[in-house]
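S.K.:
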Amino acid sequence: MVMLIPKNNQSGQIIIFAMVFMAIMLMLSTVLVSTSSLHSGAQRQTVARAQALSIAEAGLDKTIYQLNQDANFTGESDVVLGEGKFSTVISTVDSNHKQIVSTGRVTYKNGAVAERQVSVIASIDLTVVSFQFGVQAGYGGLSMDNNSRVNGNVYANGNISGVGTITGDASVAAGSALIPDQSWQISNADFLFGNTNERDDAAQSFVPSQTNIITKVKVYLKKIGDPGNLTVRILTDNSGEPSEDVLASGSISASTITGSYAFIEGVFSDNPTLISGQKYWLMLSSPVHSSKHYSWGLDNTDGFASNTGKYSAKWDASSPVWNAAGGDFNFQTFMGGATTSISGITVNGTARATEMTACTIGGAAYYQIINTCSVAGAAYPSSTPLAPQAMPISQAQITDWEAAAALGGTIGDVLLEGNDTATLGPVKINGNLSVKNSSTLWIAGPIWVTGNILLENNSVVSSIVLGNSGTIIIADDTLNPTEDGKIVLKNNFSVQNNGNPGNNLMFISNHFGTDAAISLLNSASSSIFYAPNGTIEMENNASPIQLTAHLIHLKNNAVINYQTGLQSANFTSGPGGSWAYQAGTYAVIK
Numbered sequence: 000m001v002m003l004i005p006k007n008n009q010s011g012q013i014i015i016f017a018m019v020f021m022a023i024m025l026m027l028s029t030v031l032v033s034t035s036s037l038h039s040g041a042q043r044q045t046v047a048r049a050q051a052l053s054i055a056e057a058g059l060d061k062t063i064y065q066l067n068q069d070a071n072f073t074g075e076s077d078v079v080l081g082e083g084k085f086s087t088v089i090s091t092v093d094s095n096h097k098q099i100v101s102t103g104r105v106t107y108k109n110g111a112v113a114e115r116q117v118s119v120i121a122s123i124d125l126t127v128v129s130f131q132f133g134v135q136a137g138y139g140g141l142s143m144d145n146n147s148r149v150n151g152n153v154y155a156n157g158n159i160s161g162v163g164t165i166t167g168d169a170s171v172a173a174g175s176a177l178i179p180d181q182s183w184q185i186s187n188a189d190f191l192f193g194n195t196n197e198r199d200d201a202a203q204s205f206v207p208s209q210t211n212i213i214t215k216v217k218v219y220l221k222k223i224g225d226p227g228n229l230t231v232r233i234l235t236d237n238s239g240e241p242s243e244d245v246l247a248s249g250s251i252s253a254s255t256i257t258g259s260y261a262f263i264e265g266v267f268s269d270n271p272t273l274i275s276g277q278k279y280w281l282m283l284s285s286p287v288h289s290s291k292h293y294s295w296g297l298d299n300t301d302g303f304a305s306n307t308g309k310y311s312a313k314w315d316a317s318s319p320v321w322n323a324a325g326g327d328f329n330f331q332t333f334m335g336g337a338t339t340s341i342s343g344i345t346v347n348g349t350a351r352a353t354e355m356t357a358c359t360i361g362g363a364a365y366y367q368i369i370n371t372c373s374v375a376g377a378a379y380p381s382s383t384p385l386a387p388q389a390m391p392i393s394q395a396q397i398t399d400w401e402a403a404a405a406l407g408g409t410i411g412d413v414l415l416e417g418n419d420t421a422t423l424g425p426v427k428i429n430g431n432l433s434v435k436n437s438s439t440l441w442i443a444g445p446i447w448v449t450g451n452i453l454l455e456n457n458s459v460v461s462s463i464v465l466g467n468s469g470t471i472i473i474a475d476d477t478l479n480p481t482e483d484g485k486i487v488l489k490n491n492f493s494v495q496n497n498g499n500p501g502n503n504l505m506f507i508s509n510h511f512g513t514d515a516a517i518s519l520l521n522s523a524s525s526s527i528f529y530a531p532n533g534t535i536e537m538e539n540n541a542s543p544i545q546l547t548a549h550l551i552h553l554k555n556n557a558v559i560n561y562q563t564g565l566q567s568a569n570f571t572s573g574p575g576g577s578w579a580y581q582a583g584t585y586a587v588i589k
């Protein structure tokens, strides 16, 4: 028997199936639209975050640019860029490092904000040089002729003599021998110290050959990273180990030490007498940091007879432990030399010297022997002579500046004359540099001249180095320093900076022949001059802002006008000395 389904029932079932199908399709469509909307929103957010990151990084670039226009720039807020904005904040880490934090923001759908933040350390490749005195003379001393004048303080390791006037203080250190009493220079290994707590202090024993005052030491060092200053001490011996009895202490500036080994001079606040035949210890102490520390050159054969090197975690602990360093450290010690003096000079401030003769002192006088000197202030006979001062710039620093100049390439002789104009630096000139007859030389970075430098006849040298740092012109013939490497400035030659405080130009000569390393004649002015091995001669209205040399001779009418800001002067040791990103410091904060 066949059952027939009524037509009305069949139609109802079809309608029900259709409605179910439509419901399913509607639900799938809703899910699809929702998913598409979510995906679209996520995509918008991803795009907005990428834009915000790019804008934040653009803020870093803008900040670097601004710093090179104005070293005091501190950041800015809500700077519009494209579809977003950035804000930057600068915090000072130290004088040569700044942290920049840049935040980028982009507004997208319905007012939502995507924000990314990045950070970087900006650094400028500088060497800080401390010029504490208007004139600093080495063991050659200072000689002053008629009407010569120093407007500032003078410190000399040798005699100050003549008929000139010093408006500030004049100090002459105790005499020092020019050759070391004890020395060990064989170097075949590195000894790191200051890198761990166990190696805070390193010491080398020595036995002086004479009974005399110790005036200075030299140590063979290089640095890793950017460590702090070193403390140098002379200690007595305690049964073959350094004692806690400090005879002398001083410091070595970290800025005088570079990443390459060199003998660096250390001086003391006073000069104790050491006894011939007795053992003493020369000790260096460094702040501890795993990536900022020092290496002291070592002879791992321990060849310095009856002496050795040791290290300790804490030299002044209640029971210090000293360990063998595995050899002898490289060092030199210098003992007292000839008696030093002030003679014939007028000093408006305080004067200090072992002997004083035929002088006029406006302030106090500290001496051991005095003869026909007028002293307006208090007199202090039997005073202990001052310790010699180290030169403010080491040969290691000069070598680094020369390397920075050479990175810009090497060219031959440069001659500018008859209103010529040129821009140089960084560059090495393998020959002579001459700027004559109203010509202008623009300095864009350090310049190293292997021959001689002549600047004369109304010519001008102008710095275009950015910011508040100075730059260097060096004359140094490393193959023939007794012949070449001389600098002559004369006949109304002038120096101009970029208008910012601290943008000083420094001339350096490494010449050490019998003639002058640097000659300043007839109104050559407005610069810093440095001749560590030779003589600077000045005459006829030459007026620099600082002089440092082995021997300084101020001839008739020469005047030095010291600027106090030179106590922490910055000089570029890289191309241009501009602010730039420090490699490895970029980080995305959020």
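Sequence positions in the sequence shown follow numbering that gives the first Met the number 0 and run 0 to 589.
Just so you know, even glycine gets a beta-carbon here, dropped at the ideal spot from N, CA and C.
Treat the numbers as computed from the prediction; the structure is a model and nothing was measured.
1) Given that a residue counts as buried once 16 or more other Cβ atoms are within 10 Å of its Cβ, and exposed if not, what is V112?
2) Is G110 helix, strand or coil when you go by DSSP?
3) Name, in chain order, the residues that DSSP records as bridge partners for G140.
4) Can you say whether K222 is buried or exposed, counting buried as having 16 or more other CB atoms within 10 angstroms of its CB?
5) By Cβ distance below 6 angstroms, which residues in the same chain neighbour M390 in space, the five residues on each side in sequence not counted?
6) Taking the alpha-carbon of V434 as reference, which of E455, R115, T422 and T470 has the nearest alpha-carbon?
7) Tell me the rounded alpha-carbon separation between S252 and L229.
8) Would you kindly work out how many angstroms separate the C-alpha atoms of D269 and A443, rounded to a whole number?
9) Can you list, in chain order, the residues of its chain with a C-beta nearer than 7 angstroms to that of E401? Leave out the 5 residues immediately preceding and following it.
10) Rounded to whole angstroms, what's the CA-CA distance from V346 to A375? Just pull it up for me.
11) Report the rounded CA-to-CA distance for W280 versus S122, giving the unit in angstroms.
12) Are the region 158–169 and the region 296–305 touching by the rule of at least three beta carbon pairs closer than 8 angstroms?
13) Measure the alpha-carbon distance for A378 versus D301 and round it to whole angstroms.
14) Work out the CA separation of A421 and P117 for me, nearest whole Å.
15) So what does DSSP say about A403, is it helix, strand or coil?
16) Does I397 come out as helix, strand or coil in the three-state DSSP assignment?
17) Quick one, which of H552, T584, K589 and S305 has its alpha-carbon nearest N145's?
18) Please report how far the alpha carbon of E536 lies from the alpha carbon of N457, in whole angstroms.
19) Compare the Cα-Cα distances from I213 to each of V487, S275 and L52 and report the closest residue.
20) Let me know the secondary structure DSSP gives S53 once reduced to three states.
21) Tell me whether E264 is buried or exposed, calling it buried when 16 or more other Cβ atoms sit within 10 Å of its Cβ.
22) Bridge partners of N370, per DSSP?
23) Spell out a yes or no on whether the region 337–353 and the region 312–329 are touching, meaning 3 or more CB-CB pairs, one atom from each, closer than 8 angstroms.
24) Which whole-angstrom value is the C-beta distance of S508 and I517, which I expect to be below 8 angstroms?
25) Tell me the residue span of the beta strand (DSSP E) that contains H292.
26) Determine the closest residue to L415 out of T349, S437 and Y365, with distance taken between C-alpha atoms.
27) So who's on the other strand from M505, going by DSSP bridges?
28) Roughly how many angstroms lie between the CA atoms of K554 and M143, to the nearest whole one?
29) In terms of alpha-carbon separation, which member of D244, K309 and V153 lies closest to R351?
30) Which of the three DSSP states, helix, strand or coil, is assigned to V46?
31) Tell me which same chain residues have a C-beta within less than 8 angstroms of the C-beta of D225, skipping the five on either side of it?
32) Alpha carbon to alpha carbon, what distance is there between F130 and S462?
33) Considering only residues of the same chain and omitting the five flanking positions on each side of S242, which have a CB-CB separation below 7 angstroms?
34) Counting only the same chain and skipping the five closest in sequence on each side, list residues whose C-beta sits under 6 angstroms from that of Y585.
35) The beta strand (DSSP E) that contains G74, what's its start and end?
36) Give the range of the beta strand (DSSP E) segment to which R148 is assigned.
M.R.: Taking the coordinates as given:
1) exposed
2) helix
3) L550
4) buried
5) P531
6) E455
7) 7 angstroms
8) 42 angstroms
9) W447, I473 and D475
10) 10 angstroms
11) 38 angstroms
12) no
13) 50 angstroms
14) The question names Pro, but residue 117 in the sequence shown is Val. Their Cα atoms are separated by approximately 40 angstroms.
15) helix
16) helix
17) H552
18) 20 angstroms
19) S275
20) helix
21) buried
22) T356
23) no
24) 5 angstroms
25) H292 to D298
26) S437
27) I471 and I527
28) 6 angstroms
29) V153
30) helix
31) A253 and K291
32) 20 angstroms
33) L234, T235 and D236
34) V119
35) G74 to L80
36) R148 to N150
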